[in-house]
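>
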Amino acid sequence: GIHMGFGVGGITTPMCDLLEKGLIRTIVDTQDFDLGAIESIKKNPNHIEISASEYANPMNKGAYVNRLDFVILAALEVDVNFNCNVVVGSDGMITGAQGGHPDTAAGAKCTIVIAPLLQGRIPAICTNVTTVTTPGETVDVVITDYGIAINPRRQDLIQCMKGVSLPFCTIEELRDKAYAIVGEPSPVQFDDRVVGVIESRDGTILDVVRKIKEFSFED
46 GIHMGFGVGG ITTPMCDLLE KGLIRTIVDT QDFDLGAIES IKKNPNHIEI SASEYANPMN
106 KGAYVNRLDF VILAALEVDV NFNCNVVVGS DGMITGAQGG HPDTAAGAKC TIVIAPLLQG
166 RIPAICTNVT TVTTPGETVD VVITDYGIAI NPRRQDLIQC MKGVSLPFCT IEELRDKAYA
226 IVGEPSPVQF DDRVVGVIES RDGTILDVVR KIKEFSFED
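In case it helps, this note's numbering puts the sequence shown at residues 46 to 264.
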C-alpha cells in the first residue's frame, strides 16, 4: 500500500485519521482547522507543531514545503498559463487569503491543482485569472471533472502518462469545454484604485487587486 512519510500544512480531521491508521508516519502542523486536529496534536506524539518559518520561509533551506514530493491544492480559477487565483472571486470580491498555496506549489516536486470545470455558471478554467496568486510556472497538473491537463513544462510527466487510461487534454481544451457550456464571461470591470497587493514568496509584487466599479456596457 501507499504510505506518506509526512503530511504538512493546515490540518483537518481526515488527515489525522490517516495518521491514526498508520498511513502517515508524521504530521507537521502549522495550524489546525477543526477540533479533531486540535485533539490529535494534544495526544499523538507523531503530530508535531512547527512554526510558519519552518513551514514555508523561502529564506529557510530546511523549510518543510521544500521536502514535499506532492502537494494537492484547490483554486477558484486556473488560466491557460496554469496561473491560479485563490483570493479573488469571479465577481472581483476578495474571498479569502492565499495561505501556503504559492509556497507549497513552489516547493513540491509535483504540484497538483484540483478544480471543477465550472463554479456554478462561471468557468473555473479560463483564459486569464482575475488575480494571479500562484504563478503557473509552479503548477504541474490541473485535474477537473472534465479532464486532466499537464503543464507543457513537465514533459517528464507527459511522457510518464503516455498509455495511461485517463482523460488527458490540454489546458486550452479544458477552457474551451467550459466556454462551450456556459459561454465566455465578460471580464469584471475595475477602476484604478488598488485595494490589495499580492506578494510573491520573496516579497516582490505578483499582482494587485483593484476596486470594482459599477458594471457598464462598453463599446
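Think of the CB as a built atom: it goes at the ideal place given N, C-alpha and C, for glycine as much as any other residue. If you're wondering where the values come from, they're calculated on a predicted model, not measured in any experiment.
Per the DSSP calculation, asparagine 130 is bridged to which residue(s)?
The partner list for asparagine 130 (beta bridge, DSSP) reads Glu122.
> Here's the rule: buried if 16 or more other CB atoms are within 10 angstroms of the residue's CB, otherwise exposed. What is leucine 211?
Answer is exposed; the Cβ neighbour count stays below 16.
> Is the shortest distance between the beta-carbon of isoleucine 257 and the beta-carbons of chain C less than 8 angstroms?
You won't find chain C in this structure, because it holds only one protein chain.
> Identify, in the order they occur along the chain, each residue of the same chain with its Cβ nearer than 8 angstroms to the Cβ of glycine 67, setting aside the five sequence neighbours on each side.
Contacts found: His48.
> Can you name the start and end residues of the beta strand (DSSP E) that methionine 49 belongs to?
Looking at the DSSP string, the run of the beta strand (DSSP E) that includes methionine 49 is 49–56.
> Could you tell me which of Val233, Lys154 and Cys214 sits nearest to valine 174, measuring between CA atoms?
The shortest Cα separation from valine 174 among Val233, Lys154 and Cys214 belongs to Val233.
> Rounded to a whole number of angstroms, what is the C-alpha to C-alpha distance between valine 116 and isoleucine 157?
Each residue's Cα considered, the two are about 6 angstroms apart.
> Rank Gly248, Thr58, Ser96 and Cys155 by C-alpha distance to the C-alpha of arginine 112 and give the top, closest one.
Nearest option by C-alpha distance: Cys155.
> Start and end of the alpha helix (DSSP H) containing glutamate 99?
Taken as a continuous stretch (DSSP letters only), the alpha helix (DSSP H) holding glutamate 99 covers 97–101.
> What is the DSSP secondary structure of lysine 106, counted as helix, strand or coil?
In the structure shown, lysine 106 sits in coil (DSSP, three-state: anything other than H, G, I, E or B).
> Report, in whole angstroms, the separation of the C-beta atoms of tyrosine 100 and valine 53, which I expect to be a contact under 8 angstroms.
Correct: roughly 7 angstroms between the Cβ atoms.
> Helix, strand or coil for cysteine 205? Go by DSSP, reduced to three states.
Three-state result, cysteine 205: helix.
> Once the 5 residues before and after arginine 246 are set aside, which same chain residues still bring their CB inside 7 angstroms of it?
The answer, listed in chain order, is Pro103, Pro147, Asp148 and Ala151.
> Let me confirm a value: glutamate 122 is counted as buried when at least 16 other C-beta atoms fall within 10 Å, else exposed. Which label applies?
It is buried - the Cβ of glutamate 122 has at least 16 other Cβ atoms within 10 Å.
> Helix, strand or coil: which one does DSSP assign to arginine 238?
Three-state DSSP puts arginine 238 in a strand.
> When the Cα atoms are used, what is the spatial distance from arginine 199 to threonine 176?
Cα to Cα, arginine 199 sits roughly 24 angstroms from threonine 176.
> What are the boundary residues of the beta strand (DSSP E) that glutamate 218 is part of?
Here glutamate 218 belongs to no beta strand (DSSP E); instead the alpha helix (DSSP H) covers 216–227.
> I need the straight-line Cα distance from serine 231 to aspartate 62, nearest angstrom please.
Each residue's alpha carbon lies about 43 angstroms from the other.
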